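Residue numbers (my numbering): 36 to 301.
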Ligand code: BGC
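Written out as structure tokens, the structure is:
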């Protein structure tokens, strides 16, 4: 249970949902965790407290990932606290849903800014540090690991969520292009594409029995996911156990991308 001992992980958007789950799991695995938040300081501090209560090390750092100076500031604060960074979990994300004809430019832009540009800004700062520092064999055989939290909607179109689906589709080729470019530096870059995971972002899709039953029609494995499902995959992808996995998307979706509607149709 200490696959990340001595490594420092920045987890963006770690005050709730999937980010929170990943931060907690990385803390258990021995990583020093930067629990990034934008607005919910209290929840971020609770994540920090929980990691510390389990004997781990963590600190909460505020930054809006869509703002370049704030991202740079978050990395500087990380270096002051822990000296360097080994793992970036590019997780911050949001939905601002609307029918296409009603979608405002502001809602399009904000989702692209946070979900896609935010991942670009954080990945760039992480990569600079990974390449500057290089491999530290006592900690990992790679110079650094970047994990982009995408979505099944990097491949599944989603009416009423055009901004969100476009941001996730963008993450797919951003991740692969960065992976191609950084491989010679021993920087590993991958994505995780979660399906429906019980978090605040999709609460209305699972909170009552009728909604959950409808949602389960999309999930062959027969249960809605929980943050730990994604967190365990993230630990593996960040650890040397997955050292030859590079430039790929790991779907953690209970089979949602198997398009179960085709089971008896088509
Ligand atoms: C979205 C959720 C949705 C899930 C499956 C996620 O990326 O954020 O709202 O339930 O995809 O459609």
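C-beta atoms are modelled at their ideal positions from N, C-alpha and C, and glycine is treated no differently. None of the values given here were measured: they were computed from a predicted structure.
If you count every other CB in all the chains shown that lies within 10 Å of the CB of residue i, and 16 or more means buried, which is it?
i, result
"residue 114", "exposed"
"residue 262", "buried"
"residue 136", "exposed"
"residue 297", "exposed"
"residue 167", "exposed"
"residue 280", "exposed"
"residue 203", "buried"
"residue 258", "exposed"
"residue 278", "exposed"
Assuming residue i and residue j are in contact, meaning their beta carbons sit under 8 Å apart, how far apart are those beta carbons, in whole angstroms?
i, j, result
"residue 209", "residue 151", "7 Å"
"residue 53", "residue 232", "6 Å"
"residue 195", "residue 141", "Actually they do not touch by this definition, with Cβ atoms about 17 Å apart."
"residue 50", "residue 72", "4 Å"
"residue 119", "residue 40", "Not quite, the Cβ-Cβ distance comes to about 15 Å (not below 8 Å), so this is no contact."
"residue 80", "residue 95", "5 Å"
"residue 272", "residue 285", "6 Å"
Give the straight-line distance between the Cα atoms of residue i and residue j, rounded to the nearest whole angstrom.
i, j, result
"residue 189", "residue 149", "16 Å"
"residue 217", "residue 206", "16 Å"
"residue 295", "residue 246", "17 Å"
"residue 215", "residue 221", "11 Å"
"residue 37", "residue 172", "16 Å"
"residue 249", "residue 200", "21 Å"
"residue 89", "residue 64", "10 Å"
"residue 69", "residue 253", "34 Å"
"residue 170", "residue 176", "6 Å"
"residue 139", "residue 193", "17 Å"
"residue 67", "residue 91", "7 Å"
"residue 124", "residue 256", "26 Å"
"residue 61", "residue 290", "25 Å"
"residue 219", "residue 165", "12 Å"
"residue 58", "residue 112", "17 Å"
"residue 154", "residue 179", "16 Å"
"residue 121", "residue 301", "46 Å"
"residue 243", "residue 146", "27 Å"
"residue 174", "residue 276", "13 Å"
When the cut-off is 9 Å and only beta carbons count, does residue i lie next to chain B?
i, result
"residue 182", "Checking the listed chains, one finds no chain B in this structure; it contains a single protein chain."
The segment 153-164 in contact with the segment 84-93 per 3-pair CB rule at 8 Å: Using a C-beta cut-off of 8 Å, the segment 153-164 makes no contact with the segment 84-93, since fewer than three inter-stretch Cβ pairs fall below that distance.
Pocket of ligand 1 defined by Cβ to heavy atom distance under 6 Å: Going along the chain, the residues that qualify are 130, 186, 187, 188, 230, 231, 236, 237, 240.
The segment 268-282 contacting the segment 223-230, beta-carbon criterion three pairs below 8 Å: Under the 8 Å Cβ criterion, the segment 268-282 counts as touching the segment 223-230, having at least three qualifying pairs.
Three or more C-beta pairs below 8 Å linking the segment 179-198 and the segment 233-240: Cβ pair count under 8 Å is below three, so no.
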